[in-house]
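When we follow the working numbering, the leftmost residue of the sequence shown carries the number 452, and every step to the right adds one.
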Amino acid sequence: MDVKRAKKGLATPISLSFLLFSFTLLTVTTYYFVMSSVDTKANKVSFAAAKNAMLSLESSIRAIVWSPGSSAVQHFKDYHGKFEVEPDARRLIINLTFDSSTYTVFNSSIGLVKYEMPPADVNQVGWFLRGDKRVIINQSFAGTAQMYIENGEDSQELRLGYRPLAVSYQESQDGSTVNVVRIYIINLNSSESLWFKGSFRVKARCLNVTVDSRSYNFSGGVSSVIVRASVDGDEGTVTLPLSSSDSSTLVRVEVLVCNIRLEEVE
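The following block contains the structure:
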């Protein structure tokens, strides 16, 4: 009889311990779930604010581009991320192909701006906030900016860079028709190498606009030119029309580079 009572009495503390353990586990799990939800919500809010700040920076650059001597200042609050300017990033190579002849007219880095944020779980990786994935365009200046969301190592990155714009038109010179192929490039590689956390201010300055001009005279008729751009392995092309006679095609290529400098504001 005594043995049976001992076994029955032992069940109560074991059951109580199991209940206390289960309750503690549930409490801890609930706490971490709630805190994770709070962190995710906070990350989303910070990510949205950082997006707006980067969009404002691009708008500031667009307001001064092609206007040497002009400048604009953008203020960034603390969005719990890391802002970085990489002047030597994004090597741009531009080739022109006239029938079977190919010429390289630009080969240089053009810079990159990025803002690294904690993962916000917003499923926006690959989204373009400005522009699209085309490496080169032939439409308007408004589309030269490329701002998109990329996955980093332990972060989501807002990236801002610029792509070339290519156009062609004809003008008369000494009684002959000259095809002008003009390529516009916004270049950030004169910027300071910046690295910021917390609140800071960045100044964008339009330093100058350089023009590299070269002329070609092709025998026979050439009806178009293929402009091929490559940025870090990504390639794109546009085809521009040319006017020619049966005997020759005159072409003047102009590469206009607007040099923008991003720098720290003390």
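Backbone N, C-alpha and C define an ideal beta-carbon position, used for all residues, glycine too.
Beta bridge counterpart(s) of residue i as assigned by DSSP
| i | result |
| --- | --- |
| histidine 526 | Arg652 |
| arginine 541 | Arginine 541 pairs with nothing; no bridge assigned. |
| arginine 633 | Val618 and Glu705 |
| proline 519 | Paired residues: none, contrary to the question. |
| valine 660 | Cys709 |
| leucine 611 | Val564 and Met598 |
| asparagine 668 | Leu701 |
| arginine 679 | Asn546 and Thr688 |
| asparagine 638 | Asn710 |
| serine 623 | Thr628 |
| lysine 533 | Glu567 and Lys648 |
Assumed close pair residue i, residue j - CB separation to whole angstroms, cut-off 8 Å
| i | j | result |
| --- | --- | --- |
| leucine 543 | alanine 680 | 7 Å |
| isoleucine 637 | valine 536 | Wrong, their Cβ atoms sit about 14 Å apart, outside the cutoff. |
| valine 678 | valine 708 | Rounded, the Cβ-Cβ distance is 15 Å, inconsistent with contact. |
| valine 632 | leucine 713 | 29 Å between Cβ atoms; not a contact. |
| leucine 563 | arginine 610 | 6 Å |
| valine 673 | leucine 693 | 6 Å |
| valine 618 | asparagine 589 | 6 Å |
| glutamate 604 | tyrosine 566 | Not really, about 15 Å apart at Cβ, beyond 8 Å. |
Option nearest residue i by Cα separation, candidates the options
| i | options | result |
| --- | --- | --- |
| arginine 614 | Gly687, Leu508, Pro569 and Val662 | Gly687 |
| aspartate 685 | Gly594, Phe557 and Arg585 | Arg585 |
| threonine 555 | Val496, Asn640 and Ile634 | Ile634 |
| methionine 505 | Arg652, Ala540 and Ser696 | Arg652 |
| tyrosine 620 | Ile600, Ser696, Gly577 and Val702 | Val702 |
| asparagine 558 | Ser695, Glu643, Val629 and Asn546 | Asn546 |
| aspartate 683 | Ser650, Phe549 and Gly612 | Gly612 |
| serine 698 | Thr628, Asp539, Ser644 and Ser518 | Thr628 |
| serine 696 | Gly626, Phe534, Gln590 and Asn589 | Gly626 |
| leucine 639 | Arg541, Ile711 and Val676 | Ile711 |
| lysine 533 | Ser511, Pro569 and Arg541 | Pro569 |
| leucine 645 | Glu622, Ile600, Glu717 and Ser664 | Glu717 |
| aspartate 529 | Ser552, Ser497 and Val576 | Ser497 |
| lysine 502 | Thr700, Glu643, Tyr599 and Val704 | Tyr599 |
| serine 560 | Asp539, Lys648 and Ser642 | Asp539 |
| valine 704 | Val676, Val689 and Leu508 | Val676 |
| threonine 700 | Phe549, Ser511 and Asn602 | Phe549 |
| histidine 531 | Trp578, Ala499 and Asn630 | Ala499 |
Q | Whole runs of the alpha helix (DSSP H) within the segment 549 to 595, excluding any shorter than 4 residues | A | none
Q | Touching by the beta-carbon criterion (3+ pairs, under 8 Å), the segment 523 to 541 and the segment 659 to 674 | A | no
Q: May I ask you to verify whether the segment 594 to 607 touches the segment 577 to 584, counting CB pairs closer than 8 Å and requiring at least 3?
A: yes
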